[in-house]
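Q: Here it is: the structure, laid out below.
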Amino acid sequence: MSTQGAERVEAPKATEAQATNIAVQINQADSKQLNQVTEAQSAQLRAAGILPELAISGGTELDYVRNNFDKLDKSKDGHVTKQEIEDYIKNNKELSKQEVELLKKTAANVDKLENNNTDGELNPYSEYPTYGPEGGITKKDIEVANQRMKAEDYANKNFDKLDTDNDGHVNSAEIEAYMKANQGKLSKEETATLQHLIKDMDRLQGMANDEWFWESKGFTQRDLKVARNEDGTAGLRVAAGNFKYADQPGDKPSDKPADKPGDQPGQKAEPGKKAGDNPTVGDHESTIKPGDSFWKIAKDNLKAQSGKEPSNAEVVKAMNDLAKANGMKLTDVIHPGQKLKVPGPDKGEPTAHSEKPPTSRVEPAPRRGETNQRQREADPVPAPGREDEKPEPRTSPEPRTEAKAPESASQVLQRRFSEIDKDGNNKVNRKEIEKYLNDHAKDLSPEEVRALDLMARNESKIRTLVDDEKGPENSG
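Okay, so the sequence shown: first residue is 28 according to our numbering, each after it adds one.
Next comes the structure, spelled out in structure tokens:
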């Protein structure tokens, strides 16, 4: 009798060196390969501490839900509900803390995520479309939410670059101009993201009510924040390209893996060199690798220059220098294959072995009776033959006055409120503002006239912002 297949072969445990190799392979794998990971391989990856990073790297945290959709969809109806996610967490005790937190965030936002794609719409061609119950998240919901999430995150991080006229709004024309100015420099993913922002302009610019009347100037950063909340993705993270997360606010530098050169398993220092030595210590060019971030590049460069662990303050300064050298901001996204100019050590700064700067001589405090004598010695002496001329008195420089920020329309109205409120009922209406404008037009600046005119035209809209009357809001 053949015993082939009867024996159970246990999967070998992942050693530290094997874990590194697996991490590299998985980091470069696509979603199809991720779905083919067997349970035995999953156990190895979890034991090595890799699976949690694998699950959410290379896109957004929603990718984990997409890759595990069939496992989460217990009823097999094509929808993942809040209850199904909670049951999945309860029945899978081997889930990592990171996976559990991600699933809990997803469960809390099912009612928003399920509305990203209108797959529950009953009559999409009606003037006022009606919607049926969504019944949970579908794969299409995840696809749309992922696309929106990446685009909104990109727009927020690159807002200042896109907002060319600095008016606080980004419109379609500005995005098209940005694409034209950076033709050949943008990746395919960036181009697709920018095109998506143009198509989604009407939805985005109407998210936050931050314009008078029609929302037509483009989207603001507040619009983007509200959009993330409405999409159900506000608490989910976006990875910078197809690699592990770049440094995020709140991350501890000490928590980052493989921070020290020579710490990787199998990596040995060359004979005669220490683990931090690097011949490239001056200005040089560096190619971004998967897992790189401004923090990691700056820190590795400092260690290569000094051969010792830099302080957090030194790394922060080096990060700013790195971003400045490349005309970038620390919030900008960097991609594998991108080249950065890495500045060498600052020229002219004293090193650890340089001479100490000369200390200035400290004069002792004057004794009683010496003050006037020293003052006379310090006063300028008139030149011979010109005793009649008196030295010019010393004048202190005039204090610098800072320009005041322009007042908003509401601030102008508030300042003039008591003058406009003639009947003293602590309310002003459109007629009172218009009468005040007619009577005092000569005394008001053009900015004040425009501000009060704006407030008069929008009086009916403003008075309903606070429910401070009984019945209809009609007193002003």
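A virtual CB, placed ideally from N, CA and C, is assigned to each residue, including glycine. Quick caveat, the model's predicted, so the values are computed rather than measured.
Relative to the C-alpha of N8, which candidate in K184, Y115 and K132 has its C-alpha closest?
A: Not covered by the structure: residue 8. The range shown for the chain is 28 to 503.
Q: Compare the beta carbon distance of K323 and V342 with 7 Å and say whether it is the shorter of the two.
A: Not a contact, by the Cβ cut-off of 7 Å.
Q: Within the continuous beta strand (DSSP E) that includes V342, where are the two ends?
A: V342 -> not in any beta strand (DSSP E); alpha helix (DSSP H) instead, spanning N339 to A352.
Q: For F321, count neighbouring Cβ atoms within 10 angstroms of its own Cβ and tell me buried if that reaches 16, exposed if not.
A: buried
Q: For E141 and D450, I'd like the C-alpha separation in whole angstroms.
A: 53 Å
Q: Does the Cβ of A254 have 16 or more other Cβ atoms within 10 Å, making it buried, or fewer, making it exposed?
A: Counting other Cβ atoms within 10 Å of its Cβ, A254 reaches 16 or more and is therefore classed as buried.
Q: Determine which residues share a DSSP beta bridge with E312 and list them.
A: K368
Q: Once you ignore the five residues that flank T247 on each side, which residues in its own chain have a CB closer than 7 Å to its CB?
A: The answer, listed in chain order, is G195, H196, A235 and D237.
Q: Name the residue from N95, N144, V476 and R175 whose alpha carbon lies nearest to the alpha carbon of N167.
A: It should be noted that the sequence gives Lys, not Asn, for residue 167. Out of N95, N144, V476 and R175, N144 has the C-alpha closest to the C-alpha of K167.
Q: With a threshold of 16 other CB atoms inside 10 Å of the CB of E459, please say whether the residue is buried or exposed.
A: buried
Q: Pick from A135, Q365 and D190: whose alpha carbon is nearest that of E113?
A: For E113, the nearest C-alpha among the options comes from A135.
Q: Looking only at C-alpha atoms, which of L471, K462 and V92 sits nearest to T108?
A: V92
Q: Would you mind working out which of I202, K368, S333 and A331 sits nearest D348, comparing C-alpha positions?
A: If we check each option's Cα against that of D348, K368 comes out closest.
Q: So, for A483: in the same chain, excluding its five sequence neighbours on each side, which residues have a beta-carbon less than 8 Å away from its beta-carbon?
A: Around A483: R457, I460, E461 and L464.
Q: Hey, out of D448, D470, D480 and H467, whose CA is closest to A436's CA?
A: D480
Q: With a threshold of 16 other CB atoms inside 10 Å of the CB of A200, please say whether the residue is buried or exposed.
A: exposed
Q: Measure from the alpha carbon of K139 to the alpha carbon of each residue in I164, E126, V360 and I202, then state which is nearest.
A: I164
Q: With D327 as the anchor, note down where its alpha helix (DSSP H) starts and where it stops.
A: F321 to S333
Q: Any heavy atom of the ligand NAD closer than 6 Å to the CB of E336?
A: The ligand content of the structure shown is nil, which means the ligand NAD is not present either.
Q: Give every residue of the same chain whose Cβ lies closer than 7 Å to the Cβ of L263, excluding the five residues on either side of it in the sequence, and list them in chain order.
A: Setting aside the 5 residues that flank it on each side, L263 is surrounded in the same chain by T87, E88, L89, K132 and M176, each with a C-beta closer than 7 Å to its C-beta; the list follows chain order.
Q: Closest by CA to A350, which one among E179, K117 and K366?
A: Closest by alpha carbon: K366.
Q: Under the DSSP definition of a beta bridge, which residues are partnered with T87?
A: V265, per the DSSP bridge assignment.
Q: Under 7 Å, do A261 and H223 count as touching if we go by C-beta distance?
A: No, the pair does not count as a contact, with Cβ atoms beyond the cut-off.
Q: Roughly how many angstroms lie between the CA atoms of A204 and A219, to the nearest whole one?
A: 15 Å
Q: Pick from K215, L251, F186 and G211: whose alpha carbon is nearest that of I202?
A: F186
Q: Over what stretch of residues does the alpha helix (DSSP H) that includes R249 continue unbroken?
A: Q248 to D258
Q: Relative to the C-alpha of E486, which candidate in E475, V476 and K454 has its C-alpha closest?
A: Closest by C-alpha distance to E486, out of E475, V476 and K454, is K454.
Q: Let me check one thing: in DSSP terms, what residues is V197 bridge-paired to?
A: F246
Q: Counting along the chain, where does the alpha helix (DSSP H) carrying R457 start and finish?
A: R457 to H467
Q: Is DSSP giving T65 helix, strand or coil here?
A: Per-residue confidence for T65 stands at a pLDDT of 47, beneath the threshold of 50, marking its modelled position as unreliable; the derived number appears in the next sentence. Here T65 sits in coil by DSSP.
Q: Buried or exposed for P473, please, with buried defined as at least 16 other CB atoms from any protein chain shown within 10 angstroms of its CB.
A: Exposed: under 16 other Cβ atoms inside 10 Å.
Q: Taking only three categories from DSSP, how would you classify V92?
A: Taken through DSSP and simplified to helix, strand or coil, V92 comes out as helix.
Q: Let me know if E446 comes out buried or exposed under the rule of 16 or more other beta-carbons within 10 Å of its beta-carbon.
A: exposed
Q: Roughly how many whole angstroms lie between the Cα atoms of K98 and N118?
A: CA-to-CA, the gap between K98 and N118 works out to about 11 Å.
Q: Which one of A208, E217 and M206 has the shortest CA to CA distance from Q174?
A: Of the candidates A208, E217 and M206, the residue whose Cα lies closest to the Cα of Q174 is E217.
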